[in-house]
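The opening position of the sequence shown corresponds to residue 3 in my numbering, with each subsequent residue numbered one higher. A virtual CB, placed ideally from N, CA and C, is assigned to each residue, including glycine.
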Amino acid sequence: MKPVRVILAGAHGHGWWHLRNLRRLSEAGLVEFVGVCDVRPVDGLPAGVEFSGDLVELIGRTGAEVTILCTPIQTHTGLAARALRAGSHVLLEKPPAATFADYEQIVAVARETGLSCQVGFQSLGSEAIPAIRKMIADGLIGRVAGIGAAGAWERPYSYFSRVPWAGKREVDGVAVVDGALTNPLAHATATALAIAGGDVKSVKVELYRANTIEADDTSCLRLRMDDGTPVTVAVTLCADRRHEPYLIVHGETGQIRLTYTEDRVEFGGTSTVYPRTDLLENLVAHLREGTDLLVPLERTAGFMRVLESVRLAPDPLAIADRFQEIDEERRVLPGIAEVTAASAERLALYSELGLPWAPAGRRAGDLTPVGVPLAPGTPISATPAQDTRSRTTAQDARPETPGAFGDEGAETVGVDISGVRVAEYVIGTRLPRTSSPRPYLHPVRTLGGTVVTEFAPADHVHHLGVSVAVSDVGGSNFWGGRTYVRDRGPSWLGDHGTQRHLGFSWRDSSGFGESLAWEGADGSEIAREARSVRAVELDGCWALDFSFTLTNLTGAPLPVRSSATKGRAGAGYGGFFWRAPGSAADRQVFTEDAEGEEAVHGSTSPWLAMASADWTLVFVQRDDPWFVRVVEYPGAGPALAWETPLLIEGTLARRIVTVVADGRLSRADAAALASEVSR
């Protein structure tokens, strides 16, 4: 096969990678490296390689069949058009352009000339992507509930000063959009889109910055594909070190994880590394043998819709210095790698993760990042000269409704104390079936505003703030996740039930009465619940008064079981359950006469307290033993079926009152509050 004559435009910075690759492919006889175009001299070029500052002149002089464009983002459109019109195919570095209108111009010129343009999203050359798509098509993880991507890198101050356009949204009024989402970690979005397939229906973005730059260095997005699949991407350049970026494909019955920089796929306890095709090699094979391009320009339209939403979003919110570790070399957001991981696990935005620098509800004067919904095929015709940037201002910005893990847009009911919102009750949820969809309270806050619930955490994505969750009612799983099977362990059985909101019997600012249908795995209603939730004001704190009555509709005794009743010692969970936030490192749990998880787990004390430096929860009830976790994760609740199954003949009634207080309470203070709410 005759070598393809190739020139490189832009040999500095990332261009050095292309220089090495060109030498490799030249030695293999696939290409003939004939020229470099740059505005600065390039030392050490191989003999016979021409140099010029004029791209069109160089193409004509060398007869270059392919031009690699590795130049500043804002120059892509003009240089790509010149190269194509000069008769050269193009390998265009990502992102393809700085605006959607510019992207459309390149598409138009490629069609006009009939020449090829491949985009340099190297990760899309991996055979891991078609392998994952086949795994999905074969039903290995059931229906896809969503795709989450996470990327956490570190970058010093010098990264943002290396070239005049680094970290800029514009240069001299021309769009650049050099942010974490659109340039260094752009592969996260592009790879997720390649796995999802289809068209992008809508995009929401949140942009933040720790560094003193124009663009985002810490950002996230949630987009919806045309089939409704949610895709989230959470990235940062402010980690303590480089963490390899990855994607999680969430399915009804399992997950697939792709570390795209390593082409590594993990599924079902196995790890497979797939080969990757170099995109220049693929372009050469396309020109000489008719091989399909792996990343043709037209296939990057979805990514460009995301970039356009980033470009038109409000300027990034500055993250206050008090949330950072700052030294002479760089800025670090402590724990940000874990935050991006939580986003990928829960399909959540930063504003939905309880972060102090990304609050879900913003004060007046703050900007709320709002994306631009784009239906597939929507023409975007604004040019840089005409573009008004259409940015949301502080006056018209509105916070998004909190949501996570496929639950975006669910209806919420506020619970207030003296005009202060202390809880949100979510009904009409859009959770995956494997989470046993049910109404839940989240976020729940102290009067001081500290969030004391956790939603869909990475360790147990089916833990939903405060809810009534039971691992087995009449053979259906109303807890979520896997079902424990005797002598076999936790297993996916497809046995998940649903608690469906039917209506409110009463409702005011402090609470509500609700009717719910408990529907088994086959869709039949096996029980009807009457639930009452009310917030009660106390001196300096408040209490959540939660009661429920479950009526058996089956006509036969309805068994309630826990994993403990099936042979898993100590796993008596099931009933009212409160998942607390964060790690268990600083958690303390105690009753009136015992302290520590081992001592209070399974006890029958009339009250139990869980405390941290920032908050205390005091649970009060007298019917059931306490199920408590502190070491593995922080969570607690009464256990309906601690060791033996509970049979519901007619109705089952339970009530638990939870005091929610700021700060760490002493045993005496907790006991006094427990006594007060027990009256």
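If you reduce the DSSP assignment to three classes, tell me which class A168 lands in. coil
So, helix, strand or coil for S392, using DSSP? Note that S392 scores a pLDDT of 32, beneath 50, so its modelled location is shaky; the value from the coordinates is reported in the next line. Three-state DSSP puts S392 in coil, outside helix and strand.
Should G499 be labelled buried (16 or more other beta-carbon atoms within 10 Å of its own) or exposed? buried
Beta strand (DSSP E) segment containing P561, residue limits: L560 to R563
Answer with buried or exposed for A13, where buried requires no fewer than 16 other C-beta atoms within 10 angstroms of its C-beta. buried
DSSP on V417, reduced to helix/strand/coil? strand
Member of R435, G598, S564 and R589 whose CA lies at the smallest distance from the CA of G522: R435
Cβ pair F629, A611 closer than 7 Å: no
Leaving out the 5 sequence neighbours to the left and right, which residues in its chain are closer than 6 Å to D45 when beta-carbon positions are compared? none
Between the CA atoms of W580 and A643 - distance to the nearest angstrom: 17 Å
Beta-carbon proximity list for D265, same chain, < 6 Å, skipping 5 on both sides: S128, A130, V275, Y276 and R278
Rounded C-alpha distance that separates T115 from G89: 8 Å
Taking the beta strand (DSSP E) that P247 belongs to, which residues open and close that run? C240 to G253
Less than 8 Å between the CB atoms is what I'm expecting for S204 and R226, so what's the real figure, rounded? 5 Å
Do you know how far the Cα of L295 is from the Cα of L223? 28 Å
Once DSSP output is grouped into helix, strand and coil, what is the label at G80? helix
Indicate whether the contact test is met: 3 or more Cβ pairs, each with one atom in the stretch 172-180 and one in the stretch 189-208, closer than 8 Å. no
Determine, using beta carbons only, whether A582 and G574 come nearer to each other than 7 Å. no
What runs of the alpha helix (DSSP H), each 4 residues or longer, lie entirely inside the stretch 70-139? 78-87, 102-115 and 130-139
Can you look up G160 in the DSSP assignment and give me helix, strand or coil? Note that residue 160 corresponds to Ser in the displayed sequence, not to Gly. Residue state, collapsed to three classes: helix.
Only counting runs of 3 or more residues, tell me where the beta strand (DSSP E) segments fall wholly within the stretch 601-642, in order along the chain. 609-613, 617-622, 628-631 and 637-640
Under a Cβ-count criterion, where at least 16 other Cβ atoms within 10 Å of its own Cβ denotes burial, should S160 be classed as buried or exposed? exposed
Note down the Cα distance separating E156 from T101, rounded to an integer number of angstroms. 26 Å
Is there at least one Cβ from chain C nearer than 7 Å to L10's Cβ? The chain inventory of the structure shown lacks chain C, comprising one protein chain alone.
Quick check: A198 and V233, are their CB atoms within less than 7 Å of each other? yes
In this structure, how does DSSP classify T191 when only helix, strand and coil are distinguished? helix
Using only the alpha-carbon positions, how far apart do R2 and T302 sit? Because residue 2 is not part of the residues shown, which for the chain are 3 to 681, the question remains open.
Classify A177 as helix, strand or coil using the three-state DSSP reduction. strand
On the CB-based measure, 16 or more other CB atoms within 10 Å of its CB, does F123 come out buried or exposed? buried
Quick one: Cα of V417 to Cα of Y427, how far? 7 Å
Between which two residues does the alpha helix (DSSP H) containing R435 stretch? That residue, R435, is in no alpha helix (DSSP H); it is neither H nor E in DSSP.
Within the same chain, show all residues whose beta-carbon is closer than 6 Å to that of L495, passing over the 5 residues directly before and after it, in chain order. T485
Give the DSSP-derived three-state secondary structure of M227 in the structure shown. strand
Determine the burial state of L504: buried for a count of at least 16 other Cβ atoms within 10 Å of its Cβ, exposed for fewer. exposed
By how many angstroms is the C-alpha of P166 removed from the C-alpha of L285? 31 Å
Ordered along the chain, which non-local residues of its own chain (more than five positions away) have a Cβ less than 6 Å from that of G144? G253, E254 and T255
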